[in-house]
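Q: Before we start, here is the structure in question, set down as structure tokens.
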Amino acid sequence: MSENGWIPREMILGVEAEARVPSEFIVQRTNVANPPSIFYIVDQMLDDEKLLEKHGPILASMYPRLERWYKWLQRSQAGKKKRTFRWRGRNATTVQELNPKTLASGLDDYPRASHPSKEEYHLDLRCWMALGSRVMNRLAHLYEEDKNKNKYTQESSALADFEDLKQLHWSESSKLLWTNYGLRSLSRKSPYYASRNTEHDPPYWRGYIWINANYMVLSALKHYGSLTGPYQSKAQNAFTALKKNLVTNMAKVCFVFFLRFWKAIREI
Numbered sequence: 001m002s003e004n005g006w007i008p009r010e011m012i013l014g015v016e017a018e019a020r021v022p023s024e025f026i027v028q029r030t031n032v033a034n035p036p037s038i039f040y041i042v043d044q045m046l047d048d049e050k051l052l053e054k055h056g057p058i059l060a061s062m063y064p065r066l067e068r069w070y071k072w073l074q075r076s077q078a079g080k081k082k083r084t085f086r087w088r089g090r091n092a093t094t095v096q097e098l099n100p101k102t103l104a105s106g107l108d109d110y111p112r113a114s115h116p117s118k119e120e121y122h123l124d125l126r127c128w129m130a131l132g133s134r135v136m137n138r139l140a141h142l143y144e145e146d147k148n149k150n151k152y153t154q155e156s157s158a159l160a161d162f163e164d165l166k167q168l169h170w171s172e173s174s175k176l177l178w179t180n181y182g183l184r185s186l187s188r189k190s191p192y193y194a195s196r197n198t199e200h201d202p203p204y205w206r207g208y209i210w211i212n213a214n215y216m217v218l219s220a221l222k223h224y225g226s227l228t229g230p231y232q233s234k235a236q237n238a239f240t241a242l243k244k245n246l247v248t249n250m251a252k253v254c255f256v257f258f259l260r261f262w263k264a265i266r267e268i
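Here the sequence shown stands for residues 1 to 268, where the numbers follow the UniProt record's numbering.
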């Protein structure tokens with residue numbers, strides 16, 4: 001981590017590693033981020049009382065660097081509108097890609113604006129920052145960082161404001177991602193659905209049902225389904241339906257793979 005909080009998106013160290021990576025990916029740009037997924041882990045740790053009792057001092061020692069990183073993300077990935085954020089690093093001049101990739105997001109070829117510009121604001125990064133602000137707020141209160149308590153409480157509340165989120169990002173289109181097997185990564189109605197981004201880049205985040213993304217959705221639905229509020233029953237119903245679809249699909253897929261494996265073993 002640099003003194004201002006930047007962490008390189010990738011670290012290609014050594015001659016052997018560099019030989020396996022295209023030259024354009026070796027040099028790291030200081031305005032390009034990575035999904036701050038460690039906040040997801042820290043948030044889970046803060047819910048574990050036994051873990052906190054045993055490893056609380058270690059977590060406390062991490063607080064200054066987490067704060068430095070969070071502040072860097074706030075500054076460097078800020079969007080044009082208030083409480084919006086934009087991944088940096090998209091190539092606005094390339095003519096080689098169907099849709100310029102957003103490598104910083106981890107959803108490399110997920111379609112964004114066809115012409116990258118400062119007018120973009122990205123929902124996934126807004127969600128990461130909402131999680132980050134919540135974690136920083138919890139840490140500030142846990143370790144009695146008086147100078148930051150009010151600031152992080154306000155930031156966390158603002159980024160968790162559902163009405164604000166709907167105003168900035170809500171789409172009325174329904175049934176775009178829902179299937180009987182899990183949530184798609186992209187709607188079949190999208191012109192980018194199952195499309196190659198370049199001759200050498202097959203579709204990646206363009207329709208496949210990713211279990212990691214579905215797991216995070218399930219986790220969120222379970223959380224909101226446990227909270228009293230206007231969306232509690234909807235979250236509970238969506239959780240039950242999505243879980244059923246995923247479990248049924250995985251059971252069928254794994255059973256087919258097991259049969260093929262068993263047949264192959266018997267033929268050896």
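Every residue gets a Cβ at the ideal spot worked out from N, C-alpha and C, and that includes glycine.
May I ask you to report which of helix, strand or coil DSSP gives Thr248?
A: In this structure, DSSP gives Thr248 a helical state, which the three-state scheme calls helix.
Q: Look at the Cβ atom of Gly132, then the Cβ atom of Phe25, and state whether they are nearer than 8 Å.
A: no
Q: Go ahead and pull the three-state DSSP assignment for Asp201.
A: strand
Q: List the residues that DSSP assigns as beta-bridge partners of Ala78.
A: Phe85
Q: Return helix, strand or coil for Pro57, following the three-state DSSP convention.
A: helix
Q: Could you say if the stretch 26–46 and the stretch 115–122 meet the contact criterion of at least three C-beta pairs nearer than 8 Å?
A: Taking a cut-off of 8 Å on C-beta distances, the stretch 26–46 does not touch the stretch 115–122, as fewer than three cross pairs fall below it.
Q: Compare the C-alpha of Asn4 against each of Leu186, Leu73 and Pro230 and name the closest.
A: Leu73
Q: For the stretch 12–62, list the alpha helix (DSSP H) runs that are entirely contained and at least 4 residues long, ordered along the chain.
A: 15–19 and 38–46
Q: Report all residues from its chain with a CB closer than 7 Å to the CB of Pro8; omit the five preceding and five following residues, and keep chain order.
A: Gln28
Q: Which first and last residues belong to the alpha helix (DSSP H) in which Met1 is found?
A: Neither: Met1 is in no alpha helix (DSSP H) and is coded neither H nor E.
Q: Excluding the five sequence neighbours on either side, which residues of its own chain have a C-beta within less than 6 Å of the C-beta of Ala92, listed in chain order?
A: Correct list, in chain order: Pro116.
Q: Going by beta carbon distance, what residues of the same chain come within less than 7 Å of Leu246, once the five residues before and after it are set aside?
A: Gly182 and Asn214
Q: Measuring alpha carbon to alpha carbon, tell me which of Asp161, Ala160, Phe85 and Met136 ends up nearest residue 270.
A: Because residue 270 is not part of the residues shown, which for the chain are 1 to 268, the question remains open.
Q: Note down, in chain order, each residue of its chain lying with its Cβ closer than 6 Å to the Cβ of Ile12, except the 5 sequence neighbours on either side.
A: These residues qualify, in order along the chain: Glu18, Val21 and Ile26.
Q: Is the Cβ-Cβ distance between Ala130 and Ala104 less than 8 Å?
A: It is not a contact, given that the beta carbons lie outside the stated cut-off.
Q: I'd like the span of the alpha helix (DSSP H) that includes Gly132, first residue to last.
A: Note, Gly132: alpha helix (DSSP H), Leu123 to Leu142.
Q: For Asn31 versus Ser76, is the C-beta spacing smaller than 8 Å?
A: yes
Q: Within this structure, are the beta carbons of Asp47 and Trp205 separated by less than 8 Å?
A: Going by C-beta atoms, Asp47 is not nearer than 8 Å to Trp205.
Q: Alpha carbon to alpha carbon, what distance is there between Leu176 and Lys189?
A: Using only the alpha carbons, I get a separation of about 7 Å.
Q: Please report the residue range of the alpha helix (DSSP H) in which Leu159 lies.
A: Asp146 to Leu159
Q: Evaluate Ser157 with the Cβ neighbour count: other Cβ atoms within 10 Å of its Cβ, from every protein chain shown; 16 or more gives buried, anything less gives exposed.
A: exposed
Q: Using three-state DSSP, classify Asp109 as helix, strand or coil.
A: coil
Q: Helix, strand or coil: how does DSSP classify Glu67 here?
A: helix
Q: Out of curiosity, what's the CA-to-CA distance linking Leu242 and Asn249?
A: 11 Å
Q: Are the CB atoms of Pro111 and Tyr208 within a distance shorter than 8 Å?
A: Pro111 is positioned such that its CB atom lies no closer than 8 Å to that of Tyr208.
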